[in-house]
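If you use numbering that gives the first Met the number 0, the sequence shown corresponds to residues 0 to 545, in order. We put the CB at the ideal spot given by N, CA and C, even for glycine. In this text the structure is predicted, and so the values were computed from the model without any measurement. Written below as structure tokens is the structure these notes are about.
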Amino acid sequence: MRVKNENGSDSVVTHSHRFIVKFTPTECKEYTIDCDQPSTVLDAIRSSLGTTEKMIKYPDESIIIQLGKRDKESVVPTHFPCSCIGDGETVTLYHYTSEKIEKVQEQHDKTIHPKDHYSVFYIDTVGGLKTKTKELFRNKILKQFKFLCVYGEKGMKVEEALKQDGRFLDSLGEFKLSDNENPNRLTVRTQRVDSLHQKAFKIRLPLNKRENVENPTTSILDVARDSGQSVKKAMEQPGDSGCSTEEIYELLRKQFPELKKWMESRFPGDSYEKALNRGSEKFGKIQQSFSEVHRIKKLLKMGKSVCKILVSNVSQGTGFVLFDRFVLTSAHLFRGCVQGKNLLDQINVYALFNYDEPEPETNYFYFSAEKTLIDIDEELDFAVLQLKPDGKKSNPKSKPEHVKVPAGLLDRFGPLPGNGEACLIGHPAGSVKKIDPTCIIEPEKREEAVNDHLSKYKDQKVILKKVYELKNQGIDDIMMGGEKAEKVASYNTFMYHGASGSPVFDAHGQIFGIHTGGYGMSDRVIEYAHPLLTIFEKFVINLKES
0 MRVKNENGSD SVVTHSHRFI VKFTPTECKE YTIDCDQPST VLDAIRSSLG
50 TTEKMIKYPD ESIIIQLGKR DKESVVPTHF PCSCIGDGET VTLYHYTSEK
100 IEKVQEQHDK TIHPKDHYSV FYIDTVGGLK TKTKELFRNK ILKQFKFLCV
150 YGEKGMKVEE ALKQDGRFLD SLGEFKLSDN ENPNRLTVRT QRVDSLHQKA
200 FKIRLPLNKR ENVENPTTSI LDVARDSGQS VKKAMEQPGD SGCSTEEIYE
250 LLRKQFPELK KWMESRFPGD SYEKALNRGS EKFGKIQQSF SEVHRIKKLL
300 KMGKSVCKIL VSNVSQGTGF VLFDRFVLTS AHLFRGCVQG KNLLDQINVY
350 ALFNYDEPEP ETNYFYFSAE KTLIDIDEEL DFAVLQLKPD GKKSNPKSKP
400 EHVKVPAGLL DRFGPLPGNG EACLIGHPAG SVKKIDPTCI IEPEKREEAV
450 NDHLSKYKDQ KVILKKVYEL KNQGIDDIMM GGEKAEKVAS YNTFMYHGAS
500 GSPVFDAHGQ IFGIHTGGYG MSDRVIEYAH PLLTIFEKFV INLKES
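Shown next as structure tokens:
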């Protein structure tokens, strides 16, 4: 390959720089790539390492290249010019089996130019105004990263740069780009890329391109397949419910043999799909009451699977059984207690069940957790523990018998309701198990709810102080236009510290979220939960990468 001058003639130009490549974000091993000729970043890696690493032999379309050391920050296409990689910069390669991440472009002219011939800019993986729920990319796996780094030769149109990139859908149509620093400043698709260099944008699609969010739920079969279909979207799109349960959670079953046995015994035939199809009802129209006796009985029964989590001498929270001996809880309980997925030597974790009565009447039983977590994810604030098989009773005088982990609640999860009633079960402040019925606060009503809460204060100085606290805690993230506005469920609850990890139920008794936290110091203003479907989706993705 040669570098072209502005007049179009070829000339030999000294091309020499060095960058670092890793093949998993957590491994210590890394390689130095001495790049002495212009090429794409992937070709430069292959040229330097040959067949040293299996990953670089995979098809280009199934590889993701992360730019920089910041985890999940930005990713470049495989044909990204090596001249645009900074000297000494680190790139990390990810591979997804059978996944098509980008469309390989036919490039008759593979000439790589010096970096000043290109404009490099960033596209946010979250859409702009009226576009947050729309499909933008060929594969939803890209949404786990913050930005897609895009390049284009100066003079190229924006739409040409995105088409050349290969990771965007061909059907974007009449899109615009809104500047992340000034969302009111728009760039149309036919403008040149020259002025976009090193700026970040969101894609904004016209209203008639909105996806249909009213579709009923369907089987989550595609989640465990290598199709790239997101869990949440799989639940929203209609599909064939005749698929066998044998195929469900194929990936997870390979990781955990216990899950196969549990699924076969718990869901014979197609009963799993039938259980999930209960989520197809329109939750926005439901106004059921948790005061009805049959609902209370159902909640109390499922509440047996809710446990108090103790992280020795560090923190306490709540969790619940997913299946077998696997428990889901909040990741922040383990802050400073883990290295990778391994608990520090001095840290022990316990799950206490049946902690329903205060001392000395309480008669709970407990299990120790394994020292290695199955998964921990700070972004969505969840952790999956595996309990040791032998449980113990708190009362040594009680009749000795084999203690079993309560039934799992994985078959009870459902989609995030837009509004309606909800209920939390947990151990606030480490106390006995409590139930708190509440109502979901819709995204567009959150600001009103916060203002109503602050209106009880008469002193303007107190109000300003409260607002300042809330802003510092990041409450704008869940307000309309915020990055988490459509990604969490919000409500009011008396369950503060110690309730993190509590399951949040809807009016049908399905678990739709995990209580994560809230805003406000001594006086809580609004609380929120991450959707269980989103967490499960990320859990599957993390398992693929591990």
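Output yes or no for whether 8 Å exceeds the beta carbon distance between Ile373 and Gly500. Not in contact: Ile373 and Gly500 (Cβ atoms no closer than 8 Å).
Phe333 beta carbon less than 8 Å from that of Ala382: Yes; because the gap between Cβ atoms is below 8 Å, this pair is in contact.
Coil, strand or helix - Phe352 by DSSP: Residue state, collapsed to three classes: strand.
Give the single residue among Glu420, Tyr121 and Leu171 whose Cα lies nearest to the Cα of Cys438. The option with the nearest alpha carbon to Cys438 is Glu420.
As assigned by DSSP and simplified to three states, the class of Thr135: Rather than Thr, the amino acid found at residue 135 in this sequence is Leu. Residue state, collapsed to three classes: coil.
Could you tell me whether the region 464-475 touches the region 335-349, using the rule of 3 or more Cβ pairs below 8 Å? Taking one beta carbon from each stretch, the region 464-475 and the region 335-349 have fewer than 3 pairs nearer than 8 Å; the two do not touch.
Closer than 8 Å by C-beta to Ile32: which residues in its own chain qualify, once you throw out the five before and the five after it? Chain order, please. Closer than 8 Å at Cβ, skipping near neighbours: Arg17, Phe18, Ile19, Val20, Ala43, Ile44, Ser47 and Leu48.
Give the C-beta separation of Arg203 and Leu128 to the nearest angstrom, bearing in mind that I take them to be a contact with Cβ-Cβ under 8 Å. Sure, about 6 Å apart at Cβ, within 8 Å.
Start-to-end residues for the beta strand (DSSP E) that takes in Phe325: Note, Phe325: beta strand (DSSP E), Phe325 to Thr328.
Length of the line joining the Cα atoms of Ser177 and Glu291: Straight-line Cα distance between these residues: approximately 49 Å.
Extent of the continuous alpha helix (DSSP H) to which Ala498 belongs: Careful: Ala498 lies outside any alpha helix (DSSP H) and carries neither H nor E.
If we ignore side chains and look at the alpha-carbon of each, how far apart do Lys70 and Phe511 end up? Here residue 70 turns out to be Asp, not Lys, going by the sequence shown. Take the alpha-carbon of Asp70 and the one of Phe511: they are about 28 Å apart.
Does the beta-carbon distance from Gly316 to Ser304 come in below 8 Å? Contact: no.
For Gln459, the first and last residue of its enclosing alpha helix (DSSP H): Run containing Gln459: Gln459 to Asn471, per the alpha helix (DSSP H) assignment.
Roughly how many angstroms lie between the CA atoms of Ile434 and Met494, to the nearest whole one? Using only the alpha carbons, I get a separation of about 9 Å.
Thr186 beta carbon less than 8 Å from that of Val149: Not in contact: Val149 and Thr186 (Cβ atoms no closer than 8 Å).
Give the range of the alpha helix (DSSP H) segment to which Val40 is assigned. From DSSP, the alpha helix (DSSP H) with Val40 extends over Val40 to Leu48.
Am I right that Val74 and Val40 are in contact with their C-beta atoms under 8 Å? What's the rounded C-beta distance? So it is not a contact: roughly 11 Å between Cβ atoms.
Classify Leu351: buried if its beta carbon has 16 or more other beta carbons within 10 angstroms, exposed otherwise. Classification of Leu351: buried, given that the 10 Å Cβ count is 16 or more.
Output the residue ranges of the alpha helix (DSSP H) runs that lie fully inside the region 369-453 and measure 4 residues or longer, sorted by chain position. Listed in chain order, the complete alpha helix (DSSP H) runs (minimum 4 residues) inside the region 369-453 are 445-453.
Cβ-based burial, Leu531 [other Cβ within 10 Å; buried from 16]: Buried.
Can you tell me which of the three DSSP states Cys34 falls into? Under the three-state reduction of DSSP, Cys34 is assigned to strand.
Using the rule of at least 16 other Cβ atoms within 10 Å of the residue's Cβ for burial, across every protein chain shown, is Arg294 buried or exposed? It is buried - the Cβ of Arg294 has at least 16 other Cβ atoms within 10 Å.
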